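Chemist: Below: one structure in structure tokens.
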Amino acid sequence: MPLVYDDLLYVKFNNLAQYKTEITHFISTRIGINDETEFSIGLNGYLPDSEVLRNRNHLAQKFGFHPSEFVFAEQVHGITVERVTPLMRGLGAFDKTNALQYSDAWITNHPNICLVAQAADCVPILFFDPVHRAIGAAHAGWKGTVKRIAANVVRAMCDEFGTQPSDLIVGIGPSAGPCCYEVGDDVISVVESEFPKEYELLIHYPDQQKPVFDLWRANIYTLMEVGVPENNIELAGLCTLCNNHLFFSARCGDRGRFGGAIMLKADNPNGSLLIS
Ligand SMILES: [Zn+2]
1 MPLVYDDLLY
11 VKFNNLAQYK
21 TEITHFISTR
31 IGINDETEFS
41 IGLNGYLPDS
51 EVLRNRNHLA
61 QKFGFHPSEF
71 VFAEQVHGIT
81 VERVTPLMRG
91 LGAFDKTNAL
101 QYSDAWITNH
111 PNICLVAQAA
121 DCVPILFFDP
131 VHRAIGAAHA
141 GWKGTVKRIA
151 ANVVRAMCDE
161 FGTQPSDLIV
171 GIGPSAGPCC
181 YEVGDDVISV
191 VESEFPKEYE
201 LLIHYPDQQK
211 PVFDLWRANI
221 YTLMEVGVPE
231 NNIELAGLCT
241 LCNNHLFFSA
251 RCGDRGRFGG
261 AIMLKADNPN
271 GSLLIS
């Protein structure tokens, strides 16, 4: 799970990077073109829209596609998975008023559609089925995590593309980690009811009044429950609070957003790649 710094800082998963001829993927950070600028990719008013669009454009250029191939969603902390078709390409890319409105996870088997899960403590999760050439992305906050949105993505890919869970390659991105993600009674009661006690997802540290909820383990268990092999799941293991200099964190008061993105590359008729 390397952190890469060239003209901007980003994260790649080793397991997904093995398929670089089939997919493009990255996790952006708050470190952008120059260190003076916050590299937010969210059209939420934190940065002027023009700066956000410049940042999105920079990412697209860097990873070899056109910014009109992005698809962004409003994200509503739900568990709806939406299949993205070529007609939806570009929705939310330049204007948040036409972003996808009701979904927090997206799947497609069409090339040149860049799915993006925006985050600032919530967990961005990326999926790739190399057998059926299909991808997915999910935004999993605590609500999406306890309602098992990750499992919904796996089921949707099985239903829509014939995916076998054992083939899926998954990357779990930076988020609030089990070191820092303290939760109150409202979250504790839902975690306790949704996950059996043996999962041990609530951790009580002696020096903290509130327990922490392990979002990473909860999503790993959820994926394993539906048949994704543990060895196919890579955890970035980067806490957005501990690494607040690299990632936006709502708990730290940030309004910026970073993103986990994945896109299928297109083959030309001769089988070689149009986009490298
Ligand atoms: Zn931490």
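With the working numbering applied, the sequence shown corresponds to residues 1 to 276, in that order. C-beta atoms are modelled at their ideal positions from N, C-alpha and C, and glycine is treated no differently. Computed from a predicted model, the values in this text were never measured in an experiment.
Is residue 108 helix, strand or coil when you go by DSSP?
Modeler: If DSSP states are grouped into helix, strand and coil, residue 108 belongs with the strands.
Chemist: Just verifying my parser: in three-state terms, what is the DSSP assignment at residue 183?
Modeler: In this structure, residue 183 counts as coil in the three-state DSSP scheme.
Chemist: Using a strict less-than 5 Å threshold between each residue's beta carbon and the heavy atoms of ligand 1, what residues do you get?
Modeler: Listed along the chain, these residues meet the criterion: 177, 179, 180, 239, 241 and 242.
Chemist: Within 8 Å, do at least three Cβ pairs link the segment 120 to 130 to the segment 144 to 160?
Modeler: Counting Cβ pairs under 8 Å, three or more are found: they touch.
Chemist: Between which two residues does the alpha helix (DSSP H) harbouring residue 157 extend?
Modeler: Run containing residue 157: 149 to 161, per the alpha helix (DSSP H) assignment.
Chemist: Would you say residue 213 and residue 183 are within 8 Å of each other, going by their C-beta atoms?
Modeler: Contact flag set, yes.
Chemist: Give me the Cα-Cα distance between residue 14 and residue 63, rounded to the nearest whole angstrom.
Modeler: Each residue's Cα considered, the two are about 16 Å apart.
Chemist: Count the other CB atoms, across all protein chains shown, that sit within 10 Å of the CB of residue 79; report buried if there are 16 or more and exposed otherwise.
Modeler: Residue 79 is buried by the Cβ-count criterion.
Chemist: Quick one: grab the DSSP three-state call for residue 284.
Modeler: Nothing can be reported for residue 284: it is not among the residues displayed for the chain, which extend from 1 to 276.
Chemist: Report, in whole angstroms, the separation of the C-beta atoms of residue 137 and residue 258, which I expect to be a contact under 8 Å.
Modeler: No, residue 137 and residue 258 are not in contact; Cβ-Cβ is about 13 Å, not under 8 Å.
Chemist: Ordered along the chain, which non-local residues of its own chain (more than five positions away) have a Cβ less than 7 Å from that of residue 98?
Modeler: The residues are 91 and 92.
Chemist: Counting C-beta neighbours from all protein chains within 10 Å, is the total for residue 154 16 or more, i.e. buried, or is it exposed?
Modeler: Looking at its Cβ environment, which holds 16 or more other Cβ atoms inside 10 Å, residue 154 is buried.
Chemist: For residue 51, which of 38, 61 and 60 has the nearest alpha-carbon?
Modeler: Looking at the Cα atoms, 38 is the closest of the given residues.
Chemist: Could I get the ranges of all uninterrupted beta strand (DSSP E) runs contained in the segment 49 to 109, with 3 residues as the minimum, in chain order?
Modeler: Runs found: 81 to 83 and 105 to 108.
Chemist: Rounded to whole angstroms, what is the Cα-Cα separation between residue 197 and residue 246?
Modeler: Going from the Cα of residue 197 to the Cα of residue 246 covers about 34 Å.
Chemist: Roughly how far, in whole angstroms, is the beta-carbon of residue 135 from the beta-carbon of residue 235, given that I think they are within contact range, below 8 Å?
Modeler: No, residue 135 and residue 235 are not in contact; Cβ-Cβ is about 19 Å, not under 8 Å.
Chemist: At a cut of 8 Å, does the segment 179 to 194 reach the segment 160 to 169 through at least three beta carbon pairs?
Modeler: As far as the Cβ criterion goes, the segment 179 to 194 does not touch the segment 160 to 169, which means the pair count is below three.
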